[in-house]
Amino acid sequence: MIGDHHSEGNEEVKSISDRIEEAILGLIEEQDGSCQIVRNVMAAEMRVTPSQITYVLSTRFTYEQGFLVESRRGGSGFVRIKRIPYSDVTEYLMQLVRSMPDSLTQHDVYILVSGMKNDEIVSERIARIFFSVLSDRSLFRLANPLRDEVRSDIFKTILTSLAAQGGAL
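So in the working numbering, the last spot in the sequence shown is 194, and the numbers never skip.
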């Protein structure tokens with residue numbers, strides 16, 4: 026993988042966000058693709074603030090990353106996180122292309138490709154190729170914002186080509 030996949034914030038914040046993400050992913054795996062949490066309870070158990078849980082949910086468990094998050098407010102409010110199952114690889118790839126922004130950072134690519142790898146849409150080998158081709162190192166001759174726009178265009182082109190070939194990865 027491409028080393029440190031978080032480029033913003035300090036080490037403590039990254040560590041907390043990573044711990045929260047790992048805990049939620051663990052619950053999702055244990056419960057066959059979905060889980061339900063009470064934000065305040067999870068925050069207390071992990072010794073973090075509820076807003077840190079909210080931040081991780083809003084940045085790492087999005088539709089584009091293959092998750093559906095439902096929130097119920099109130100005294101016993103809960104959050105349900107569900108991994109979106111994709112039965113058709115071609116449709117998955119085209120939905121990803123349609124929902125992709127016009128600009129992607131190296132971190133964005135890491136999240137998207139990791140999700141594809143976790144969903145067994147791409148192999149570890151193909152994921153590494155994506156990381157290499159779309160890395161800041163590969164695109165170093167381009168200044169931002171052009172670098173992130175070109176990265177998005179390349180990623181969309183590759184995904185569209187793969188979808189046209191039946192998604193064979």
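The C-beta atom is built at its ideal place from N, Cα and C for all residues, glycine as well.
Each of Arg97, Arg153, Leu118, Glu47 was checked against the Cα of Arg64, and the nearest Cα belongs to Arg97. Leu171 sits exposed, since fewer than 16 C-beta atoms from the chains shown fall within 10 Å of its C-beta.
In the three-state reduction of the DSSP assignment, Leu93 falls in the strand class, which pools E and B. For the set Thr87, Ile136, Leu137, the Cα lying nearest the Cα of Ile106 is the one of Thr87. Gln131 carries a helical assignment under DSSP once its states are collapsed to helix, strand and coil.
Remark: C-beta atoms of Ile45 and Val104 do not approach each other more closely than 8 angstroms. Of the candidates Phe155, Gln131, Thr130, Phe155 places its Cα closest to the Cα of Lys142. Under the DSSP assignment, Arg105 falls outside any alpha helix (DSSP H), being part of the beta strand (DSSP E) whose first and last residues are 104 to 108. In the DSSP annotation of this structure, the continuous segment of the alpha helix (DSSP H) that includes Ile78 starts and ends at 75 to 85.
Nearest to Ser128 by C-alpha distance, out of Ser76, Lys181, Thr79, is Lys181.
Ser42 sits in a helix when the DSSP states are folded into three classes. Per DSSP, the unbroken beta strand (DSSP E) holding Gln61 starts and ends at 59 to 62.
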